[in-house]
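Here is the structure we will look at, set down as structure tokens.
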Amino acid sequence: MKPAPFAYLRPSTLEEALAALAGEQGAKVLAGGQSLVPLLSMRLAAPSMLIDINALPDLGHVTCDEAGVRVGALARHAHVLASTEAAAAQPLVAMALANVAHPTIRNRGTTVGSIVHADAAAEMPMVLRLLEGSVDVASVRGRRTIPAAELFAGPLESTLAHDEIAVEAFFPALAPRAGVAFQEISRRHGDYALVGVAALVELEGDEVVRARLGYLSVSDVPVVVDVSGSLADPAGAALAELEPVDDIHATADYRAHLVRVLTPRVLAAATDHARQRMNA
Amino acid sequence: MSEQIHDVRLHVNGSVHEVRVPARRLLSDALRHDCGLTGTHVGCEHGVCGACTVLVDGAPMRSCLMLAVSAVDAEITTVEGLTEDDGTPQGRLSPVQQAFSDCHGLQCGFCTPGFLTTITAGLEENPDPTEDEAREMIAGNLCRCTGYQNIVKSVLRAAEINAEADAKSKADAGQERA
Ligand SMILES: Cc1cc2nc3c(=O)[nH]c(=O)nc-3n(C[C@H](O)[C@H](O)[C@H](O)COP(=O)(O)OP(=O)(O)OC[C@H]3O[C@@H](n4cnc5c(N)ncnc54)[C@H](O)[C@@H]3O)c2cc1C
Ligand code: FES
Ligand code: FES
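Protein chains in written order, with UniProt numbering: chain A, 1 to 280; chain B, 1 to 178.
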């Protein structure tokens with residue numbers, strides 16, 4: 001299993017990278033390569049050119065302020081996970097990242113690359129969607145911000161245009177009266193999840209007034225369900241909107257079962273988290 | 001169209017290797033075929049088994065998921081680079097290698113280079129792991145022979161060898177001062 005031939009560019013400025021990408025219809029961006037290189041080796045992808053962004057300057061940042069966490073396109077999962085400021089500003093980022101592959105893969109793979117790769121079984125696309133974050137993209141035509149709700153078009157398909165490079169992802173900070181939690185079931189720790197669930201709840205006094213749940217690996221895109229009005233049966237409400245899929249890893253029935261098991265657990269954990277933060 | 005060949009300068013185990021490779025040459029293949037360093041093994045070639053793990057600027061990474069052309073700015077350490085120089089041609093086993101030998105941490109040895117590099121970096125980060133942490137450290141590497149028990153023991157033994165060496169060098173420094 002070896003990749004098919006391709007031309008290779010390693011630009012040292014973003015402008016150069018964008019011009020090359022715009023000029024070659026069959027070109028693809030290479031970031032950490034932790035998803036792309038296996039696809040090349042299995043010849044599931046055969047781009048005419050790879051534009052390696054690893055030598056671009058100023059894209060390795062993880063910066064935090066009151067608004068939230070900004071992650072540059074070359075920040076590796078491991079670097080984002082190690083940031084105590086990011087974990088303080090938006091704890092769900094680290095909670096989910098600890099479940100992304102193994103440390104060795106996290107040393108090379110980028111969080112932004114994982115988001116634009118748009119795998120429904122990946123943690124970070126769902127987290128970005130649940131938190132209502134966004135991705136900043138650049139092209140020779142200019143820059144734009146894509147809200148997470150408009151980013152995921154289908155399985156492994158984002159709404160980035162062919163000539164666009166994602167430069168930064170933005171995860172909004174956790175509000176003072178809010179809490180988050182994340183849990184997934186996978187065959188082995190570090191494997192892709194059979195089902196993963198994240199919750200974001202907001203309290204007023206001791207009451208949950210808003211609750212949203214994010215699901216990965218259940219349908220063929222990350223799905224977010226607002227269960228604020230159905231707290232008596234949140235899993236039922238979620239399943240009404242989810243379409244569990246069958247694949248070699250799990251049956252649709254088993255996925256539905258995991259949704260029923262994980263939903264109340266994660267919701268309870270997020271509610272506890274919100275209470276702890278209010279009492280802290 | 002003939003395929004373009006790139007001149008790539010790889011820094012491996014403290015030496016420079018000038019190789020001429022197509023862009024699609026995986027780093028694992030460049031190390032094995034172009035640099036002649038066949039200690040790095042290739043199992044699955046899609047990131048799952050860990051046999052090809054090398055250190056890139058000290059951090060473990062899958063060499064089968066990197067292109068050689070993309071590794072130009074990095075300092076790479078393969079299993080061959082773990083051995084310590086003691087003046088002999090074969091060198092002295094590193095603490096992690098010694099621990100594998102002491103604890104019978106390998107059988108066929110196919111997976112071993114990936115475990116050795118991963119554990120070497122893992123112990124830098126966590127010099128005194130618990131048994132659970134030792135298991136977590138090797139969770140991304142597969143071994144079809146050992147059942148992992150002796151590999152976990154080897155992690156703990158390597159930590160012990162490191163600690164003994166530290167204590168000895170502190171004691172020696174103390175004696176020099178006295
Ligand atoms: C064994 C193994 C287990 C894994 N387990 C998990 C897991 O449990 N959960 C999980 O989420 N992921 C997992 N991954 C994937 C990993 O998280 C990847 O790092 C991630 O999916 C892609 O990031 P990358 O930087 O490696 O992107 P690449 O592989 O370089 O690129 C992936 C795709 O995104 C495009 N792309 C990348 N960056 C940009 C950019 N800045 N702008 C435009 N396009 C871009 C590329 O063109 C390509 O199409 C696993 C990988 C392996 C090998
Ligand atoms: S050969 Fe690279 S991980 Fe298996
Ligand atoms: S010793 Fe044979 S695969 Fe690990």
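For every residue, glycine included, the Cβ atom is placed at its ideal position computed from N, Cα and C.
Nearest-angstrom Cα separation, counted from residue j out to residue i
| i | j | result |
| --- | --- | --- |
| A68 of chain B | R76 of chain A | 19 Å |
| L58 of chain A | E168 of chain A | Residue identity differs from the one stated: residue 58 of chain A is Asp in this sequence, not Leu. Using only the alpha carbons, I get a separation of about 11 Å. |
| L44 of chain A | D102 of chain B | 44 Å |
| A96 of chain A | A121 of chain A | 12 Å |
| S139 of chain B | M124 of chain A | Position check: residue 139 of chain B holds Ala in this sequence, whereas Ser was assumed. Going by the C-alpha atoms only, they are around 21 Å apart. |
| A193 of chain A | L200 of chain A | 19 Å |
| H273 of chain A | G47 of chain B | 35 Å |
| Y152 of chain A | G81 of chain B | Contrary to the premise, residue 152 of chain A reads as Phe rather than Tyr in this sequence. Roughly 44 Å between the two C-alpha positions. |
| V19 of chain B | S2 of chain B | 18 Å |
| residue 180 of chain B | V8 of chain B | Because chain B is modelled from 1 through 178, residue 180 of chain B falls outside the range shown and cannot be assessed. |
| L65 of chain B | H33 of chain B | 16 Å |
| L40 of chain A | R24 of chain B | 9 Å |
| A30 of chain B | I105 of chain A | 20 Å |
| N162 of chain B | T112 of chain B | 19 Å |
| L71 of chain A | V112 of chain A | Per the sequence presented here, residue 71 of chain A reads as Val, with Leu not at that position. Each residue's alpha carbon lies about 7 Å from the other. |
| A175 of chain A | S230 of chain A | 22 Å |
| residue 343 of chain A | R62 of chain B | Residue coverage of chain A in this structure runs from 1 to 280, which leaves residue 343 of chain A outside it and unanswerable. |
Residue from the options with nearest C-alpha to residue i
| i | options | result |
| --- | --- | --- |
| S134 of chain A | A:G72, A:A238, A:V140, A:T145 | A:T145 |
| L142 of chain B | A:L231, A:R188, A:L203 | A:R188 |
| P103 of chain A | A:A118, A:H79, A:L239 | A:H79 |
| D52 of chain A | A:E164, A:R43, A:P11, A:V261 | A:P11 |
| H249 of chain A | A:I115, A:Q276, A:D191, A:A238 | A:D191 |
| T40 of chain B | B:I76, B:E125, B:V16, B:H17 | B:I76 |
| A87 of chain A | A:A19, A:L74, A:D65 | A:D65 |
| A166 of chain A | A:T251, A:N279, A:G142 | A:G142 |
| Q25 of chain A | A:G236, A:V261, A:G32, A:A46 | A:A46 |
| Q183 of chain A | A:T84, A:R177, A:N99, A:T110 | A:N99 |
| A235 of chain A | A:D119, A:V197, A:M49, A:Q90 | A:V197 |
| T63 of chain A | A:N54, A:A55, A:L74, A:I115 | A:L74 |
| L242 of chain A | A:V116, A:V227, A:A269 | A:V227 |
| N150 of chain B | B:A159, B:A121, B:G105 | B:G105 |
| A237 of chain A | A:A138, A:S139, A:P264, A:D246 | A:P264 |
Residue environment, residue i, which counts as buried when at least 16 other CB atoms sit within 10 Å
| i | result |
| --- | --- |
| A74 of chain B | buried |
| H61 of chain A | exposed |
| Q175 of chain B | exposed |
| S169 of chain B | exposed |
| M1 of chain A | exposed |
| Q90 of chain B | exposed |
(message) Using a Cβ-Cβ cutoff of 7 Å, what residues of the segment 83–112 of chain A are near chain B? List them in chain order.
(response) The residues in question are H102, P103, T104, I105, N107, R108.
(request) Using a Cβ-Cβ cut-off of less than 8 Å, give me the residues of the segment 182–200 of chain A that come near chain B, in sequence order. (result) In summary, the residues of the segment 182–200 of chain A whose CB is separated from some CB of chain B by less than 8 Å are R188, H189, G190, in the order they occur in the chain.
(request) Could you name the residues whose beta carbon sits closer than 6 Å to any heavy atom belonging to ligand 2, keeping them in chain order? (result) In chain order, the residues that have a beta carbon nearer than 6 Å to some heavy atom of ligand 2 are B:V42, B:G43, B:C44, B:E45, B:G47, B:V48, B:C49, B:G50, B:A51, B:C52, B:R62, B:C64.
(request) Check each residue of the segment 14–25 of chain A: if its Cβ is closer than 7 Å to any Cβ of chain B, include it; give the result in chain order. (result) Residues passing the 7 Å Cβ filter: none.
(request) Return the residues of the segment 49–75 of chain A that lie within a Cβ-Cβ distance of less than 8 Å from chain B, sorted by chain order. (result) Residues passing the 8 Å Cβ filter: L50, D52, N54, A55.
(message) As a quick check of your reading: which residues have a C-beta less than 7 Å from at least one non-hydrogen atom of ligand 3, in chain order?
(response) After applying the 7 Å Cβ criterion, the set is B:L106, B:Q107, B:C108, B:G109, B:F110, B:C111, B:T112, B:C143, B:R144, B:C145, B:T146.
(message) Which residues of the segment 15–29 of chain B have a Cβ closer than 7 Å to any Cβ of chain A? Give them in chain order.
(response) Shown in chain order are the members of the segment 15–29 of chain B whose Cβ falls below 7 Å from a Cβ of chain A: P22, A23, R24.
(message) For the segment 53–71 of chain B, list every residue whose C-beta sits within 8 Å of some C-beta in chain A, in sequence order.
(response) Correct list: T53, V56, A59, P60, M61, R62, C64, L65, M66, L67, V69, S70.
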